[in-house]
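In the numbering used here, the protein residues as written are 1 to 233.
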């Protein structure tokens with residue numbers, strides 16, 4: 001109840017992702033090949049540009065493995081609550097959806113180029129030729145929160161202990177958590193920062209790097225807008 005009252009958007013996003021996972025699990029238990037089902041109906045692929053436009057959005061809520069949904073639910077819980085607190089509901093929703101959608105589009109564009117828009121059968125990337133999961137949205141939140149943390153560094157360093165505890169989570173989670181979660185001890189630092197490490201549970205590596213950059217852009221826009229309002233008053 002506390003979670004629902006204080007972070008309603010995060011609660012809804014967690015519920016949607018979990019509900020979709022449960023439905024897909026039931027479908028799999030009934031003998032349907034889940035990868036084929038995801039590719040045909042909900043996973044993001046080149047079909048999203050050729051009639052199945054809903055796939056631009058549905059893919060960011062799809063998970064078919066327990067470890068995949070568990071990791072992303074924890075990411076949404078950690079980064080989502082912070083994003084909802086610091087950016088507000090509207091900006092948070094925009095970061096979540098746009099980061100996820102544009103990141104998976106960027107991933108396909110890297111492999112397919114303009115042919116992605118020309119031939120529905122051209123692009124052959126991802127498990128079952130589709131990309132899915134909330135990792136892109138989570139990395140978008142990381143990027144935005146990192147910008148927010150840097151912009152408020154002065155407040156963090158000069159504030160009381162109580163305020164330090166308020167601002168510390170975005171910095172510690174976004175910097176340490178982001179690096180470690182993407183294999184800091186397995187890949188070099190450049191690969192980790194850009195998201196070009198090993199493929200992770202069905203999401204192509206470019207999704208992470210693309211979403212992180214998109215999140216940074218969102219963070220800059222939000223901070224700039226707030227500074228403009230402050231200066232305007």
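For each residue, glycine too, the CB sits at the ideal point set by N, CA and C.
Fair warning: this is a prediction, and the values are worked out from it, not measured in the lab.
Given residue i as reference, the closest of the options once Cα atoms are compared
i, options, result
"residue 58", "143, 100, 141", "100"
"residue 13", "56, 32, 60", "60"
"residue 74", "213, 210, 53, 10", "10"
"residue 71", "222, 23, 134", "134"
"residue 109", "8, 44, 34", "44"
"residue 80", "68, 210, 144", "144"
"residue 102", "50, 136, 19", "136"
Residue range of the alpha helix (DSSP H) that includes residue i
i, result
"residue 16", "8-29"
"residue 53", "Unbroken run through residue 53: none, as it is neither H nor E."
"residue 144", "135-151"
"residue 75", "66-75"
"residue 37", "34-37"
Residue i, buried or exposed, once every other Cβ within 10 Å from all chains shown has been counted against 16
i, result
"residue 224", "exposed"
"residue 141", "buried"
"residue 6", "exposed"
"residue 139", "buried"
"residue 88", "exposed"
"residue 17", "buried"
"residue 226", "exposed"
"residue 181", "In this prediction, residue 181 has a pLDDT of 46, which is less than 50 and means its spatial position is unreliable; nothing more can be read from the coordinates."
"residue 53", "exposed"
"residue 46", "buried"
"residue 33", "exposed"
"residue 95", "buried"
task: Assess, as a yes-or-no matter, whether the region 59-79 is touched by the region 37-51 under the definition of 3 or more beta carbon pairs within less than 8 Å.
output: yes
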